[in-house]
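S.K.: Everything in the sequence shown is counted per the working numbering, starting at 22 for the first residue and increasing by one.
Idealized CB from N, CA, C, for every residue including glycine.
What you are looking at is a predicted structure, and each value in this text was computed from that prediction instead of being measured.
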Amino acid sequence: MAPLGRSIDDPGLLVSGPVALRVIHAVDAEPLRGLLASNRPWLQQWEATHPSGRGITPGSVSMRPTVRILRRQLRAGSGIPMVITYRGEVVGQLSVSEVSGGALQSAQIGYWVSEHVAGRGITPVAVALAIDHLFWGVGLHRVEICIRPENAASLRVVEKLQMRYEGRRQGYIHIDGAWRDHDCFAVTREDAPDGVLRRITA
Numbered sequence: 022m023a024p025l026g027r028s029i030d031d032p033g034l035l036v037s038g039p040v041a042l043r044v045i046h047a048v049d050a051e052p053l054r055g056l057l058a059s060n061r062p063w064l065q066q067w068e069a070t071h072p073s074g075r076g077i078t079p080g081s082v083s084m085r086p087t088v089r090i091l092r093r094q095l096r097a098g099s100g101i102p103m104v105i106t107y108r109g110e111v112v113g114q115l116s117v118s119e120v121s122g123g124a125l126q127s128a129q130i131g132y133w134v135s136e137h138v139a140g141r142g143i144t145p146v147a148v149a150l151a152i153d154h155l156f157w158g159v160g161l162h163r164v165e166i167c168i169r170p171e172n173a174a175s176l177r178v179v180e181k182l183q184m185r186y187e188g189r190r191q192g193y194i195h196i197d198g199a200w201r202d203h204d205c206f207a208v209t210r211e212d213a214p215d216g217v218l219r220r221i222t223a
């Protein structure tokens, strides 16, 4: 898949009620590092790992170099790295990746939120805000989310957003030390002509 072929503009603040999304900035490095460190048992089972066993434990070092690398995705037209906020507090991340132009016009979304705000309906709203921006702000046609079949909380997110199940990818991503299956869900602009956010706020 080829990147979009142009840089991606910063969308500013995407907001619905107390939930908001914005592009990650250097000032977010320390809040995110703290959340990753304090949420190790909560997040570790869903985190990507390197098959060789190499890698740095999330939250154990400064996030500033990572933030700089993530922000380059905007200029490259390959992704949109964002933070999720709730009532103004940074509570997680949402990553738009694998952005493709040409005949595909698609992207993938991944996300996490801190355990202390889980269950408040934050993630479905954040994901819906991102999808609607990708459709009508960036001009993409299709967005997909791949989820481990054991991840009941994430499966509830795509269920609330009424995303279409498109099948299982065997041994798709190396997660928590092993190759894990993922279920793929997708939505296109034709599927949601009034926006995905309306599906949960109407």
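(1) Taking only runs of the alpha helix (DSSP H) that begin and end inside the stretch 130-198, which ones reach a length of at least 4 residues, in chain order?
(2) I'd like the list of long-range same chain contacts for Gly188, defined as Cβ closer than 8 angstroms, with 5 residues on each side in sequence excluded.
(3) On the DSSP bridge list, what partners appear for Thr106?
(4) Would Val146 and Met184 be called neighbours here (beta carbons separated by less than 7 angstroms)?
(5) State buried or exposed for Val48, treating a residue as buried only when at least 16 other CB atoms are found within 10 Å of its CB.
(6) If I follow the unbroken alpha helix (DSSP H) through Glu51, where does it start and stop?
(7) Which of the three DSSP states, helix, strand or coil, is assigned to Val117?
(8) Which residues in the same chain have their Cβ closer than 8 angstroms to the Cβ of Gln114, if we skip the five residues on either side of it in sequence?
(9) Is it right to say Leu34 is buried, meaning 16 or more other beta carbons lie within 10 angstroms of its own, or is it exposed?
(10) Counting pairs of Cβ atoms below 8 angstroms between the stretch 24-32 and the stretch 119-133, do you hit three or more?
(11) Identify every residue that forms a DSSP beta bridge with Asp204.
(12) Taking the DSSP output, what are the residues bridged to Ala128?
(13) Do you know how far the Cα of Asp215 is from the Cα of Glu136?
(14) Based on DSSP bridge pairs, tell me the residues matched to Ala69.
(15) Quick one: measure Cβ to Cβ for Ser116 and Pro24, integer angstroms, because I've assumed they're closer than 8 angstroms.
(16) Between Ala128 and Val217, which are expected to be in contact by the criterion C-beta below 8 angstroms, what is the C-beta distance as a whole number of angstroms?
(17) Could you name the residues of the same chain whose beta carbon sits closer than 7 angstroms to that of Arg190, not counting the 5 residues immediately before and after it, in chain order?
M.R.: By the coordinates alone:
(1) Listed in chain order, the complete alpha helix (DSSP H) runs (minimum 4 residues) inside the stretch 130-198 are 143-154, 173-181.
(2) As a working note, residue 188 is residue 167 in the sequence shown. If we look at Gly188 and ignore the five residues flanking it on each side, its Cβ neighbours are Asp204, Cys205.
(3) Counting from 1 along the sequence shown, the entry for residue 106 is found at position 85. Partner(s): Ala41, Val111.
(4) Working through the sequence shown from its first residue, we reach residue 146 at position 125. Working through the sequence shown from its first residue, we reach residue 184 at position 163. Result no, Cβ atoms of Val146 and Met184 do not sit closer than 7 angstroms.
(5) Indexing the sequence shown from 1 puts residue 48 at position 27. So Val48 counts as exposed.
(6) By 1-based counting over the sequence shown, the position of residue 51 is 30. It spans 50-59 - the alpha helix (DSSP H) in which Glu51 sits, taken as one unbroken run.
(7) Start at 1 with the first residue of the sequence shown, and residue 117 comes out as number 96. Correct three-state label for Val117: strand.
(8) Counted from its first residue, the sequence shown places residue 114 at position 93. In its chain, beyond the 5 residues on either side, Ile45, Leu53, Pro102, Met103, Val104, Ile105, Tyr132, Trp133 have a beta carbon closer than 8 angstroms to the beta carbon of Gln114.
(9) For the purposes of this step, residue 34 is taken as residue 13 along the sequence shown, with counting starting at 1. The residue is exposed, with fewer than 16 neighbouring Cβ atoms inside 10 Å.
(10) Yes, the stretch 24-32 touches the stretch 119-133.
(11) Counted from its first residue, the sequence shown places residue 204 at position 183. Under DSSP, Asp204 forms a beta bridge with Ile168, Arg189.
(12) To locate residue 128, count along the sequence shown from 1; it is residue 107. DSSP, once it has assigned bridges, lists Val164 as partnering Ala128.
(13) Numbered from 1 along the sequence shown, position 115 holds the residue referred to as residue 136. Numbered from 1 along the sequence shown, position 194 holds the residue referred to as residue 215. Going by C-alpha positions, Glu136 is about 31 angstroms away from Asp215.
(14) Here residue 69 refers to the residue found at position 48 when the sequence shown is read from its first residue. For Ala69, DSSP records a beta bridge to Ile196.
(15) Residue 116 sits at position 95 when you count from the first residue of the sequence shown. Residue 24 sits at position 3 when you count from the first residue of the sequence shown. The Cβ separation is near 15 angstroms, so there is no contact.
(16) Here residue 128 is taken as the residue at index 107 of the sequence shown, counted from 1. Here residue 217 is taken as the residue at index 196 of the sequence shown, counted from 1. 13 angstroms between Cβ atoms; not a contact.
(17) The residue given as residue 190 occupies position 169 in the sequence shown. Excluding positions up to five away in sequence, the list reads Cys167, Asp202, His203, Cys205.
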